[in-house]
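Asks: Numbering (UniProt numbering), first residue to last: 1 to 56.
1) Any idea which residues DSSP pairs residue 20 with across the strands?
2) Are residue 23 and residue 42 close, meaning C-beta to C-beta below 8 Å?
3) When the Cα atoms are used, what is the spatial distance from residue 45 to residue 33?
4) I need the DSSP call for residue 56, collapsed to helix, strand or coil.
5) Is the separation between the beta-carbon of residue 20 and that of residue 12 shorter than 8 Å?
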């Protein structure tokens, strides 16, 4: 961690540990692509079409 950097902390009750990480400049950049493997075998256009059908 950089001196003076803002930190984020999380307490893991199961492990009884405090986890620290430096606050990123952009959460969007850090999480970009997270979970993309979940969409590998899904036709996204068809999925969106099916999701929107009940709205009409």
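Note that beta-carbon positions come from the ideal geometry of N, C-alpha and C, so glycine has one too.
Replies: Quick answer:
1) 9, per the DSSP bridge assignment.
2) Residue 42 is positioned such that its CB atom lies no closer than 8 Å to that of residue 23.
3) Approximately 18 Å, taken between the alpha carbons.
4) Three-state DSSP puts residue 56 in coil, outside helix and strand.
5) Contact flag unset, no.
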